[in-house]
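Report on one structure; see the data block that follows.
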Amino acid sequence: MAIISIFMGKGTNGFGYSSTAEEVSKGLNLKGKTYLVTGCNSGLGKETARVLALRGAQVFVTARTTEKAKEVLAELGGQGKAFACELSDPKSVRACVSEIKKTGIKLDAIICNAGIMALPKLEKAFGYELQFFTNHIGHFILVTGLLGELTETGRVVMLSSSAHNAAPKVGIDFDNLDGSKGYSSWTAYGRSKFANLLFAKELARRFSGSKKIAVALHPGVIPTNLARHMPGFLHTIFSAMQPLFLKTIPEGAATQVYCATHPDVEKLNGEYFADSNVAKPRKDAEDSALAKKLWEESEKIVANLKD
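Just so you know, the sequence shown maps onto residues 4 to 310 in the working numbering.
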């Protein structure tokens, strides 16, 4: 347990900074339910899939290749289905959507866990900065393609991050989505995470009047493969901090498991979570016009893709 957890209390629901995915789902029977989790080959995605399966759920796991996804599924005892989903490749994402639809199985939640972080140099996919394209556009294609496959009480759980605060002051700099007007690894990552948050907010508004919900969350700072692109000296510092200040992977997976499964969350459509409790994002996260504009711009981007 990280030393910092000593100073972090628990929320009104009894969960907090050091709660684990097993703890927040204790007592829940998920038999008969199906969850889709992206990025399951390591880290938070793998732990999330494990705990969901532990509680009796069928888990649809995705990784960049079918082989990696099948390896995870085997570790879960074959309790689900494996799919390839490379979020930076629209063709792969659409194929994943198609394969999931073919199962005929409705989804109780889509947990958008996969992502990339802090690329040291500007990289692009289809003309857009790679973190924005992978973390946001990839999941946008996946989720919008599967909205019809959600159950009547289905949930969409978007992994944002407290790093969304590092996004530009304007929120989403629509005139620089390709990075041509300047690139900073953390600003770009923050933009992508803010986009995840705004996507959840707009989707929540679109779910209004139904029993479906969409939420976003900050999982915490966790030593996972997500940090693999950090420059060497930063990665060294990041690793050295682990025993003192970083969450463990079971602690990091807690909030997304809580959001996807806990009965209390069904009344919290559109909220942002941290440490398995409702938290406050930056102020413009509540800017409905900005969220709508991002959605519409994302639709245009997707419509113009030539994959």
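For every residue, glycine included, the Cβ atom is placed at its ideal position computed from N, Cα and C.
Check                                                                                                                             : Outcome
Cα-Cα separation, glutamate 132 to alanine 191                                                                                    : 8 Å
Buried or exposed by the 16-neighbour rule on C-beta atoms within 10 Å, applied to valine 173                                     : exposed
Given valine 146 as reference, the closest of Ala217, Ser211, Asn168 and Thr156 once Cα atoms are compared                        : Ala217
Cα-Cα separation between glycine 59 and phenylalanine 177, rounded to whole angstroms                                             : 43 Å
Given aspartate 111 as reference, the closest of Ser22, Leu149, Gly141 and His142 once Cα atoms are compared                      : Leu149
Secondary structure of arginine 53, DSSP reduced to three states                                                                  : helix
Residues sharing a beta bridge with methionine 120, DSSP                                                                          : Answer is none; methionine 120 lacks a bridge partner.
C-alpha distance - aspartate 278 paired with threonine 15, whole-angstrom precision                                               : 11 Å
According to DSSP, residues forming a beta bridge with glutamate 74                                                               : Answer is none; glutamate 74 lacks a bridge partner.
Alanine 117 beta carbon less than 7 Å from that of threonine 41                                                                   : yes
Element boundaries [alpha helix (DSSP H), containing tyrosine 38]                                                                 : Not the alpha helix (DSSP H): tyrosine 38 falls in the beta strand (DSSP E), residues 37-40.
Cβ shell of asparagine 32 (< 8 Å), same chain only, five flanking positions each side left out                                    : Arg58 and Gly59
Buried versus exposed call for aspartate 92 [16 or more other C-beta atoms within 10 Å across all chains shown]                   : buried
N-terminal and C-terminal residue of the beta strand (DSSP E) that arginine 67 is part of                                         : Premise fails: arginine 67 is in no beta strand (DSSP E) and is neither H nor E.
In chain order, each alpha helix (DSSP H) run of at least 4 residues that lies wholly inside the segment 120-198                  : 142-149
Strand pairing of leucine 220, partner residues [DSSP]                                                                            : Leu162 and Phe276
Buried versus exposed, by CB contacts within 10 Å (16 or more), threonine 51                                                      : buried
Endpoints, beta strand (DSSP E) assigned at lysine 84                                                                             : 83-87
Under the three-state DSSP convention, the category leucine 249 falls into                                                        : coil
Inter-stretch contact at 8 Å, needing at least 3 Cβ pairs: the segment 98-113 / the segment 149-159                               : yes
CB contact flag (alanine 85, leucine 79, <7 Å)                                                                                    : no
Cut-off 8 Å between Cβ atoms - residues of its own chain near aspartate 287, not counting five sequence neighbours on either side : Gly174 and Leu293
Continuous beta strand (DSSP E) stretch holding alanine 112: start and end                                                        : 110-115
Assigned secondary structure, lysine 13 (DSSP; H/G/I helix, E/B strand, else coil)                                                : strand
Outcome for glycine 46 when other beta-carbon atoms lying within 10 angstroms are tallied against a minimum of 16                 : buried
Leucine 39 beta carbon less than 7 Å from that of phenylalanine 63                                                                : yes
Isoleucine 105 - containing alpha helix (DSSP H), residue span                                                                    : Correcting the residue type first, residue 105 is lysine in the shown sequence and not isoleucine. First-last of the alpha helix (DSSP H) with lysine 105: 93-106.
Sub-7 Å separation of valine 54 and glutamate 25 beta-carbons                                                                     : yes
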